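First comes the structure, then the notes that go with it.
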Amino acid sequence: MINITLPDGSVRQYSKGVTSYEIAQSISEGLARNVLAAKVNDTVWDLTRPINEDAAVQLLSWNDDLGKNTFWHSSAHLLAEALEELYPGVKFGIGPPIESGFYYDVDLGEHTFSQDDFAKVEQKMLELARNKSEYVRREVSKAEAVEYFTQKGDEYKLDLIKDLEDGTITFYSQGNFVDLCRGPHLPNTGSIKAVKLMNVAGAYWRGDEKSKQLTRIYGITFPKQKELTEYLERLEEAKKRDHRKLGKELELFAFSEKVGMGLPLWLPKGTLLRERLEQFMRKAQVKAGYQPVVTPHIGSKELYVTSGHYEKYGADSFQPIKTPNEGEEFFLKPMNCPHHCEIYKTRPRSYKELPVRLAEFGTVYRYEQSGELHGLTRVRGFTQDDAHIFCRPDQVKEEFIKVIDLVLYVFKALGFDDYTAQISLRDPNNKTKYIGGDEAWEKAESAIIEAAEEKGLRTVTELGEAAFYGPKLDFMVKDALGRKWQLGTIQVDYQLPERFQLEYIGADNQKHRPVMIHRAPFGSLERFVAVLIEHCGGNFPLWLSPEQFAILPISEKYHDFAQEVYNRLQEEDIRGFVDNRDEKIGRKIRDAEVGKVPYMLIVGEKEQENNAVSVRKHGEGDLGSMTVEEYISLFKSKIAETLNN
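Quick note, the sequence shown lines up with residues 466 to 1110 if you use the numbering used here.
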């Protein structure tokens, strides 16, 4: 007998060789019907794979990310089987699951493939799925694998086999299709009920531009047709909310080829929005004891050699800026933290003045590949709401908790209420990717885990996702469409203080090394604005909206009164404009609605007589007439509700 430990901590005994599916059956038939794969210790397995020793087992369904991955990986094999039937002689590269669905890179030889071919492939996939063919795992020797794909004439699989060691190679087969694959997979194809091919693109084999370009076919599948329908509806809504589309319509930002790819230009309305975000964060930081600093856009190469950024990120940075002095090189700033270390060092520090909290809205530059640039979410120049806290080791957890509170305050003010905190730790099997010793890493990781527990955060732990200098807490936020974004990060760092020889004089009158906490609740302002636009569909929170009101005079006779109302609102720092165009009031209201202006204040004869405005709210309609002072009171109460002031 072997002991199987379930996620709730309970232990059940089973005969050696039991499968995860049999474990699910022993718990309930309903569970067995819904389980897709199992996490055995730290590895995802097929449900039908025998377990021969004591293990921790988590049964995975469609509701688990790893369950979805297994479903979509199996669907990639189903796509390959369909292609092999429809396009004899097709050769296969790789076919992994991705965040939403899967793709397969294929060499179709003389055949062409376009969106016109999607329907017949989808139909063939569903036809094959109904056969309920089992996914069968088989261990093979390297020689057998080479022989099989040599006979098949698939040079891409042979290229992959070159890098594999004998004894680690497995084949998976379903129906008439056999693939080189580690797995895992579903028990059979019958679970795949809904299929949609999404896109087709070119992809160089192994990402090498010198290699042949393959055809990459993207798809997604679901266990129910209803779920596919809902997914496609969400995609249509996402197109309407695309920040690139709304950014243009709302006149927030633009790009210019002459300025350069990936370098956004902030237009007046976008700049107002951005400045309001900065003001919001500056106010919160002052309350939390941060001191503002400003650092240059460039730095000496030696600065980044000392910090380790040159070694880790040099290839992703812009090329060095050479000066007339031989051997002198500068870099466009890829990170703010080395500069802040040098600010800390400008004078001796005492333990009594720690923590020192330095904050900067610092613009940094990274040379992203042109194919990876995407609106504001992936750019080459971006501004971080960066801060670095230099503290004593006994202050780390307390400071970390204070930063968590700040991040949660930001999320609340902006309507992000569905989030998970990802604890990103070092990969224990590949420590060469990181700098620093084990003791410092263990202290830093413990502080993050304890702080997250004390705040009661919903967390997931990811090994290998730490920064090269320390572990971190990343906030994974779901937007209104259910998509996940990484917004906000907090990182504990014992390494940069060591590299920059940072010190403070302790109570024992001896020199000690501070601990550094990196913190950016927004992360990149550009990316944050992009996510915010798509989350709220351009309907920004009232306090953040670039234009909070539009005053709409019914005719030219009321322009002077409209200006009086505008001046009064300006005195209260309420931002907006007067629409003095020679248009009918209905047209003015429609245009303000399209522009997503939160409040429309209509003024005519009655309003002028009573020093009042007729108020309409975007998306809701008429709120009735109120005096200007009553409107100001209403406006401020709505702001206070959001910001909790």
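For glycine and all other residues, C-beta sits at the position ideal for the given N, C-alpha and C.
Treat the numbers as computed from the prediction; the structure is a model and nothing was measured.
Between the CA atoms of residue j and residue i - distance to the nearest angstrom
i       : j       : result
GLY947  : TYR1023 : 46 angstroms
TYR874  : MET746  : 10 angstroms
ASN1110 : GLN784  : Unreliable placement is indicated for ASN1110, whose pLDDT of 48 sits below 50; the coordinate value is still reported in the next sentence. Rounded to the nearest angstrom, the two C-alpha atoms are 46 angstroms apart.
ARG1081 : ARG1055 : 11 angstroms
MET590  : ALA1105 : 55 angstroms
LEU838  : ARG992  : 12 angstroms
ASP1044 : CYS1001 : 25 angstroms
GLN1073 : TYR1031 : 13 angstroms
THR535  : TYR486  : 15 angstroms
GLU1036 : ILE1019 : 24 angstroms
LYS1101 : LYS713  : 29 angstroms
GLY1084 : PRO936  : 44 angstroms
GLU833  : GLY672  : 16 angstroms
MET663  : ILE516  : 37 angstroms
SER1090 : LYS705  : 33 angstroms
ALA497  : GLN490  : 5 angstroms
GLU863  : TRP950  : 26 angstroms
LEU629  : LYS556  : 19 angstroms
GLN849  : LEU697  : 34 angstroms
GLU597  : ILE492  : Note that residue 597 is Lys in the sequence shown, not Glu. Going from the Cα of LYS597 to the Cα of ILE492 covers about 24 angstroms.
ASP882  : ASN499  : 29 angstroms
LEU700  : THR694  : 10 angstroms
LYS585  : GLY554  : 18 angstroms
GLY735  : ALA931  : 33 angstroms
VAL1139 : ILE1067 : The chain is shown from 466 up to 1110; residue 1139 falls before or after that span and cannot be answered.
ALA719  : GLU999  : 16 angstroms
GLU702  : ASN895  : 42 angstroms
VAL821  : LEU797  : 26 angstroms
GLU620  : ASP572  : 10 angstroms
Residue nearest to residue i in terms of C-alpha spacing, selected from the options
i       : options                          : result
ALA912  : LEU525, PHE826, LEU938           : LEU938
CYS802  : GLY482, ILE982, GLU546           : ILE982
TYR884  : THR842, LYS867, ASP944           : ASP944
GLU599  : VAL957, THR954, VAL643           : VAL643
SER539  : HIS853, ASP511, ILE914           : ASP511
PHE583  : LYS661, ASN653, GLY632           : LYS661
PRO1011 : PHE795, ARG741, GLY560, ILE955   : ARG741
ALA753  : ASN641, VAL759, VAL872           : VAL872
SER1098 : ASP1038, ARG1046, GLU776, PRO733 : ASP1038
LEU952  : VAL925, GLY988, GLU910, GLY971   : GLY988
LEU645  : ASP631, PRO652, ALA610           : ALA610
C-beta atoms of residue i and residue j nearer than 8 angstroms
i       : j       : result
LEU543  : ALA594  : yes
ALA824  : GLN750  : yes
LEU819  : ARG857  : yes
LYS658  : PHE614  : no
TYR683  : TYR568  : yes
GLY1051 : ALA1015 : no
ARG964  : GLY773  : yes
GLU927  : GLN960  : no
GLY764  : ARG845  : no
GLN678  : THR654  : no
ILE467  : ILE488  : no
GLU831  : PRO789  : Per the sequence shown, the amino acid found at residue 831 is Arg instead of Glu. For ARG831 and PRO789, no; Cβs fall outside 8 angstroms.
LEU1017 : LYS1049 : no
PHE795  : LYS748  : no
Residues of its chain near residue i, where Cβ-Cβ distance is below 6 angstroms and the 5 sequence neighbours each way are ignored
i       : result
ARG814  : TYR969
VAL605  : ILE634, PHE636
VAL509  : ALA502, LEU531, PRO649
GLY929  : ASP892
TYR899  : ARG891, PHE933
PRO562  : ASN534, TRP537, HIS538
ARG1033 : VAL1093
ARG984  : ALA852, VAL868, ILE955
Contacts around residue i, its chain only, beta-carbon distance under 7 angstroms, and the 5 residues preceding and following it disregarded
i      : result
LEU879 : LEU997, PRO1006
ASN506 : ALA520, ALA521
LYS533 : TRP527
SER565 : ILE685
ARG602 : ASP511, ARG514, THR635, TYR637, GLY648
LYS920 : ILE866, ILE869
Proximal residues to residue i (C-beta, below 8 angstroms), its chain only, five neighbours per side dropped
i       : result
GLY1003 : ARG706, LEU711, GLU714, LEU715, LYS1061
TRP1008 : ARG741, PHE745, ALA878, ILE1104, THR1107, LEU1108
GLN1028 : VAL1043
Threshold first: 4 residues or longer. Then list the alpha helix (DSSP H) segments lying entirely within the segment 691-753, N to C. For the segment 691-753, whole alpha helix (DSSP H) runs of length 4 or above, ordered along the chain, are 708-714, 733-752.
For the segment 995-1060, which segments carrying the alpha helix (DSSP H) assignment without a break, of at least 4 residues, lie completely within its bounds, in sequence order? Listed in chain order, the alpha helix (DSSP H) elements of length 4 or more contained wholly in the segment 995-1060 are 1024-1036, 1050-1059.
I'd like the ranges of any beta strand (DSSP E) spanning at least 3 consecutive residues and lying wholly in the segment 890-944. The segment 890-944 contains these whole beta strand (DSSP E) runs: 924-928, 937-943.
Within the segment 771-817, ranges of the alpha helix (DSSP H) (whole runs, at least 4 residues): 774-778, 802-809, all fully within the segment 771-817.
Please specify which runs of the beta strand (DSSP E), each continuous and at least 3 residues long, are wholly inside the segment 474-522, giving them in chain order. Entirely contained in the segment 474-522, the beta strand (DSSP E) runs reaching 3 residues are, in chain order, 476-479, 502-505, 508-510.
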